[in-house]
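Novice:
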Amino acid sequence: MINYLTLKDGHFAPSHTDTEDTVWLAVERPTEEEVNYLTTTYKLPKDYITGVLDDDENSRFEGLHQNKLEEPALMLLQYPHATISPSGYTQLDTFPFAVILTTSGKIITVINKSADFLQKALSTTLPDSTLPIQESLILYLSWHISTYYNRCLKDLIQETNKLEGELKVSTENSQLYQIMDIQKSLVYFESAIDSNLEVLNRLYTARIFNDPRAHLPHLHDILVETKQAATTTKIQLKLVDKISDTFSAIVSNNLNNVMKILTSLTIVLTIPTIIGGVFGMNVKLPFANREDAFFWIAVVTTATCIFVIYRLKKRNLL
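Next up, the structure:
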């Protein structure tokens, strides 16, 4: 699907066709016909578009060597996207996002999965800038990707803290599966953010910009956000690894406590069984001829159970 977007007073407005006023072509899950249309109309290498269809595509920049944009250039970044893991919990994966600079002055973005950051970018006012529209959009979209990583990381941290509270009394494995999904998300984040940093750092020396110094303040802010996400990811990944080990020990300890209690209760409940079995035998026994024999047997049994419970509690076994 191709969405044609024009810019009016800093707001993006959809258009039915590709016109001279179109500044942005937002492509999502392109069909073969749409791929052929874009490559033919804008003279693009086909892999600029089809590369996004591979979910494992790495971040990269092509066409950066040009002093002036005489051929289409590609900047490919990775962005987070929520999916459902095999264990049934929410997991954040990373997918490629292609930004193509055309020689006609338009920009083409291509994704194969829905992107929340892109919806926010479309609904937010484009900041006023003296930069050309292509340069402004590159920085604008890069900013939204970098801030979206930080928002996702905050959600992961909150989820980790919530799980930490639940696992204090847990003897189940469900929380451990959630921790595993958080670890997987952070591993994906670490790899994707490092790859994005390499691409964004190359924008410092990009010769295709009309005035390389004009975009530096904006690029600096983007790199600060991206580096913050990289640092947070590395710290959180280490913490989750430690927490996972601790949680495994907690679950094991909780299970041991339950087994200890059950074993102690089994010992206590064995006492009436033994005494009842002895006095149930068809032989001559003490109190056998007394009318109140059952009462005294019950008293002795209860007293013995109480004594055993006291001794078990004193030894912290119950």
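First residue of the sequence shown? That's 1206 in our numbering, and the numbers climb one at a time after it. Ideal Cβ placement from N, Cα and C applies to all residues, glycine included.
1. Quick one: Cα of Tyr1209 to Cα of Thr1329, how far?
2. Compare the C-alpha of Tyr1354 against each of Asp1259, Thr1506, Asn1458, Ser1396 and name the closest.
3. Sorted by chain position, which residues of the same chain lie with C-beta nearer than 7 Å to Arg1234's C-beta, five sequence neighbours on each side aside?
4. Considering only residues of the segment 1440-1520, which uninterrupted alpha helix (DSSP H) runs meet the minimum length of 4 residues and lie entirely inside it, listed in chain order?
5. Mapping DSSP to helix, strand and coil, what is Leu1336?
6. Cβ of Thr1299 within 8 Å of Cβ of Pro1285?
7. Since Ser1400 and Ser1264 should fall inside the 8 Å C-beta cutoff, what is the C-beta to C-beta distance between them, to a whole number of angstroms?
8. Count the other C-beta atoms from every protein chain shown that fall within 10 angstroms of the C-beta of His1349, then say buried if there are 16 or more, exposed otherwise.
9. Among Asn1521, Thr1288, Leu1391, Lys1251, which has the Cα closest to the Cα of Phe1465?
10. Evaluate the contact criterion for the segment 1439-1456 versus the segment 1498-1513: three or more CB pairs, one atom per stretch, below 8 Å.
11. May I ask you to list the residues that DSSP assigns as paired with Thr1211?
12. Is Ala1326 buried or exposed, if buried means 16 or more other CB atoms sit within 10 Å of its CB?
13. Identify which residue in His1423, Leu1428, Ser1379, Ala1434 has its Cα closest to the Cα of Val1392.
14. Relative to the alpha-carbon of Ser1351, which residue among Glu1276, His1425, Lys1251, Tyr1242 has its alpha-carbon at the smallest distance?
15. Sort out for me which residues DSSP pairs His1286 with in a bridge.
16. Give the range of the alpha helix (DSSP H) segment to which Glu1239 is assigned.
17. By the 10 Å Cβ neighbour count, where 16 or more other Cβ atoms means buried, how is His1423 classified, buried or exposed?
18. Could you tell me which residues DSSP pairs with Glu1275 in its beta bridges?
19. Bridge partners for Ile1313 per DSSP, in chain order?
20. So for Met1206, helix, strand or coil by DSSP?
21. Are the beta-carbon atoms belonging to Val1228 and Ile1289 less than 8 Å from one another?
22. Does Glu1262 come out as helix, strand or coil in the three-state DSSP assignment?
Specialist: Inspection of the coordinates gives the following:
1. 17 Å
2. Ser1396
3. Met1206, Asn1317
4. 1498-1519
5. coil
6. yes
7. 4 Å
8. buried
9. A quick correction: the sequence has Lys, not Phe, at residue 1465. With distances taken between Cα atoms, Lys1465 lies closest to Asn1521.
10. no
11. Ala1218, Thr1227
12. buried
13. Ala1434
14. His1425
15. Asp1298
16. 1237-1246
17. buried
18. Glu1275 is not bridged to any residue.
19. Leu1230, Ile1305
20. coil
21. no
22. coil
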